[in-house]
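One structure is given below, encoded as structure tokens.
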């Protein structure tokens, strides 16, 4: 059976990325690797944090 492939589109400003990095105490590279990594739970954590940051 063929593997399903998923496509993710992310519009991310530098300011939002920096705010998430500060809140999670992570550097940019680690946050971006988490977004584009295999862990759905870790990715969801970053997306939830981005939504909270952008809401303020």
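Residue numbers (the numbering used here): 781 to 836.
Note that CB positions come from ideal geometry on N, CA and C, so glycine has one too.
All of these numbers come straight from a predicted model, not from anything done at the bench.
Original post:
Which term fits residue 800, buried or exposed, when burial requires 16 or more other beta carbons within 10 angstroms of its beta carbon?
Top reply: Stepping through the chain shown from its first residue, residue 800 is reached at position 20. Result: buried.
Original post:
Under 8 Å, do residue 796 and residue 834 count as touching if we go by C-beta distance?
Top reply: For the purposes of this step, residue 796 is taken as the residue at position 16 of the chain shown. For the purposes of this step, residue 834 is taken as the residue at position 54 of the chain shown. Yes, they are a contact pair.
**OP:** Classify residue 816 as helix, strand or coil using the three-state DSSP reduction.
**Re:** For the purposes of this step, residue 816 is taken as the residue at position 36 of the chain shown. Residue state, collapsed to three classes: coil.
**OP:** For residue 811, count neighbouring C-beta atoms within 10 Å of its own C-beta (all shown protein chains included) and say buried if the count is 16 or more, exposed if not.
**Re:** Within the chain shown, residue 811 is the residue found at index 31, counting from 1. Buried, by the Cβ-count rule.
Original post:
Hey, quick one: how far does the alpha helix (DSSP H) through residue 796 stretch, first residue to last?
Top reply: Locating residue 796 in the chain shown gives position 16, counting from the first residue. It spans 794-804 - the alpha helix (DSSP H) in which residue 796 sits, taken as one unbroken run.
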